[in-house]
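Written out below as structure tokens is the structure these notes cover.
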Amino acid sequence: MTFSQPYWFAALLLIPVYWLFLRRRGKVGLTHLNGLGNGFGSRFLLVLPKLLFTLALVALIGALARPQRVYYEADDSIKARDIIITVDKSGSMGSPVTGDAPQHSAPATDLDKDFPGMPTSALDADKSAGGSASSSSPGFAGGGQGSYGGYDGPPDPNTLTRIKVAQAAVLDFIRNRYIARQNDRIAVMTFDIYQYWFWPLTDDLKIIYRNAKFLSRTVGDGTNFGSIDPGPIDAAIAHFDEIGKARSKVIIMVTDGEDEISPEAMQRLTDKLNSHDVHFYVVGVGETLATQQVDVMRLADAVHGHVFRVEQAGDMQKVFEQIDSMERSSIKVASTEKRDERFIYFAFAALGLLTLGFFASLLVHNQ
Numbered sequence: 018m019t020f021s022q023p024y025w026f027a028a029l030l031l032i033p034v035y036w037l038f039l040r041r042r043g044k045v046g047l048t049h050l051n052g053l054g055n056g057f058g059s060r061f062l063l064v065l066p067k068l069l070f071t072l073a074l075v076a077l078i079g080a081l082a083r084p085q086r087v088y089y090e091a092d093d094s095i096k097a098r099d100i101i102i103t104v105d106k107s108g109s110m111g112s113p114v115t116g117d118a119p120q121h122s123a124p125a126t127d128l129d130k131d132f133p134g135m136p137t138s139a140l141d142a143d144k145s146a147g148g149s150a151s152s153s154s155p156g157f158a159g160g161g162q163g164s165y166g167g168y169d170g171p172p173d174p175n176t177l178t179r180i181k182v183a184q185a186a187v188l189d190f191i192r193n194r195y196i197a198r199q200n201d202r203i204a205v206m207t208f209d210i211y212q213y214w215f216w217p218l219t220d221d222l223k224i225i226y227r228n229a230k231f232l233s234r235t236v237g238d239g240t241n242f243g244s245i246d247p248g249p250i251d252a253a254i255a256h257f258d259e260i261g262k263a264r265s266k267v268i269i270m271v272t273d274g275e276d277e278i279s280p281e282a283m284q285r286l287t288d289k290l291n292s293h294d295v296h297f298y299v300v301g302v303g304e305t306l307a308t309q310q311v312d313v314m315r316l317a318d319a320v321h322g323h324v325f326r327v328e329q330a331g332d333m334q335k336v337f338e339q340i341d342s343m344e345r346s347s348i349k350v351a352s353t354e355k356r357d358e359r360f361i362y363f364a365f366a367a368l369g370l371l372t373l374g375f376f377a378s379l380l381v382h383n384q
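Counting with this note's numbering, you get residues 18 to 384 for the letters of the sequence shown.
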């Protein structure tokens with residue numbers, strides 16, 4: 018038994034004050050004492066109301082101190098990951114891709130039912146919006162043109178583009194994680210020259226899913242992998258340091274790879290990924306990364322990451338399904354301290370003692 022707020026026990030000092038007050042009054046509240054007699058029982062009857070009220074005060078103070086029973090749950094092992102998905106929203110991500118629109122590989126879930134007004138298809142999301150995106154759009158992290166130049170606006174709603182394929186795959190990935198219920202926490206970030214957080218790490222996949230529906234609403238300027246510090250990898254690692262919990266940390270970057278990384282930035286990013294033991298996956302969208310060995314691919318090779326070259330739109334789901342089967346590391350969860358509140362028993366005891374004290378006081382007065 019422990020007490021959450023033990024400072025309430027200082028109120029026990031009121032008990033001597035209470036008894037001194039009663040003693041100084043010197044009155045029993047009777048018109049005469051003949052009926053009480055001089056025996057021990059009579060004297061005890063006089064003291065009984067005071068004793069009961071005193072015990073009631075002690076029980077009340079005990080209740081205010083919040084007694085708790087402390088126990089510990091057994092050690093357990095769970096599978097969990099912290100996953101940050103970074104999606105390139107540079108102007109080149111608005112380029113069209115070949116192939117059919119990707120289909121959901123996961124069955125419908127209550128993620129879609131919770132947002133009946135939102136389209137379930139990444140492509141329908143843009144079509145229903147009429148290709149417009151304003152700074153007031155939910156989940157639009159850029160807020161209009163932002164501080165960078167060359168803003169290209171929303172992609173053509175009737176064209177299958179790289180960023181639409183990326184959005185559809187991200188939504189499918191989140192849906193798969195929701196069905197698996199593996200305790201994974203996911204964050205979503207977009208980037209061009211700068212980074213824009215759609216949502217930080219959370220296990221509330223419903224809010225992640227809702228915000229990810231707006232990934233393809235706009236495209237921006239050029240791409241910055243880290244030559245301008247900070248880049249998306251720097252921001253993701255800083256986020257892991259801030260609120261990351263799982264030992265298994267994953268960065269999934271969806272990009273067309275059209276940016277160079279300076280030697281200094283390459284060394285900095287390599288050191289950060291290795292020192293933080295972050296698993297780095299690059300998902301290439303478009304012809305550039307599918308046909309050339311670009312710098313972001315060299316970075317992935319340097320940190321023993323994985324690079325997926327995607328040439329057809331429908332292949333994106335396969336990429337995320339393969340990532341989904343990786344990095345399910347077991348995490349040991351230490352004994353968790355649990356507390357059961359017991360103040361209710363003290364509160365009932367105080368109420369009972371007050372009731373008994375009241376009846377005892379009436380009995381003395383009747384005598």
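Beta carbons are placed, not taken as given, at the ideal position from N, Cα and C, and that holds for glycine.
Taking Cβ positions, are residue i and residue j nearer each other than 9 Å?
| i | j | result |
| --- | --- | --- |
| V311 | L290 | no |
| E358 | V87 | no |
| S21 | R356 | yes |
| M98 | A263 | Looking at the sequence provided, one finds Arg at residue 98 rather than Met. Closer than 9 Å, so yes. |
| I278 | L316 | yes |
| I269 | T103 | yes |
| V267 | V300 | no |
| T178 | G111 | yes |
| D221 | N200 | no |
| V187 | V205 | yes |
| F325 | D189 | no |
| L62 | V381 | yes |
Could you tell me if residue i is buried or exposed, where buried requires 16 or more neighbouring beta carbons within 10 angstroms of its beta carbon?
| i | result |
| --- | --- |
| L232 | buried |
| F215 | buried |
| K280 | Just to set this straight, residue 280 is Pro in the shown sequence, not Lys. Burial call: exposed. |
| I100 | buried |
| Y298 | buried |
| M18 | exposed |
| R227 | buried |
| E275 | buried |
| I203 | buried |
| D273 | buried |
| I245 | exposed |
| D127 | exposed |
| L286 | buried |
| Y362 | exposed |
| A282 | buried |
| Q184 | buried |
| T372 | exposed |
| R60 | exposed |
| T235 | buried |
| T240 | buried |
At a threshold of 8 Å, does residue i count as lining the ligand ADP (C-beta to nearest heavy atom)?
| i | result |
| --- | --- |
| W25 | In terms of ligand content, the structure shown is empty, and the ligand ADP therefore cannot be addressed. |
Do you know offhand how far residue i's Cα is from residue j's?
| i | j | result |
| --- | --- | --- |
| F57 | Y89 | At F57, the pLDDT of 49 sits below 50, so the modelled position is not reliable and the matter cannot be decided from this model. |
| L81 | L30 | 15 Å |
| V302 | G248 | 19 Å |
| A366 | V34 | 22 Å |
| W25 | F257 | 41 Å |
| K67 | N383 | 16 Å |
| Y213 | K106 | 10 Å |
| L218 | A229 | 13 Å |
| R83 | G369 | 18 Å |
| A411 | F375 | In this structure the chain extends from 18 to 384, so residue 411 is not present and cannot be described. |
| V64 | Q85 | 32 Å |
| H296 | A27 | 55 Å |
| D418 | I250 | Since the first residue shown for the chain is 18 and the last is 384, residue 418 is missing from the structure and cannot be characterised. |
| D341 | R198 | 12 Å |
| P23 | F360 | 12 Å |
| I32 | H293 | 59 Å |
| S378 | I260 | 60 Å |
| F242 | D129 | 33 Å |
| N3 | K223 | Residue 3 lies beyond the range of the chain shown here (18 to 384); nothing can be said about it. |
| V313 | G322 | 11 Å |
| I78 | Y211 | 57 Å |
| D238 | P113 | 17 Å |
| Q309 | S265 | 30 Å |
| T115 | D318 | 27 Å |
Are the C-beta of residue i and some C-beta of chain D separated by less than 9 Å?
| i | result |
| --- | --- |
| S233 | Annotation note: the requested chain D is absent from the structure, which comprises a single protein chain. |
Worksheet item: Is there contact here, the stretch 194 to 205 with the stretch 64 to 71, by at least three beta-carbon pairs under 8 Å?
Response: no
Practice prompt. Output the residue ranges of the alpha helix (DSSP H) runs that lie fully inside the stretch 251 to 304 and measure 4 residues or longer, sorted by chain position.
Written response: 280 to 292
Worksheet item: Residue ranges of each alpha helix (DSSP H) run of no fewer than 4 residues wholly in the stretch 184 to 261, ordered along the chain?
Response: 222 to 229, 249 to 260
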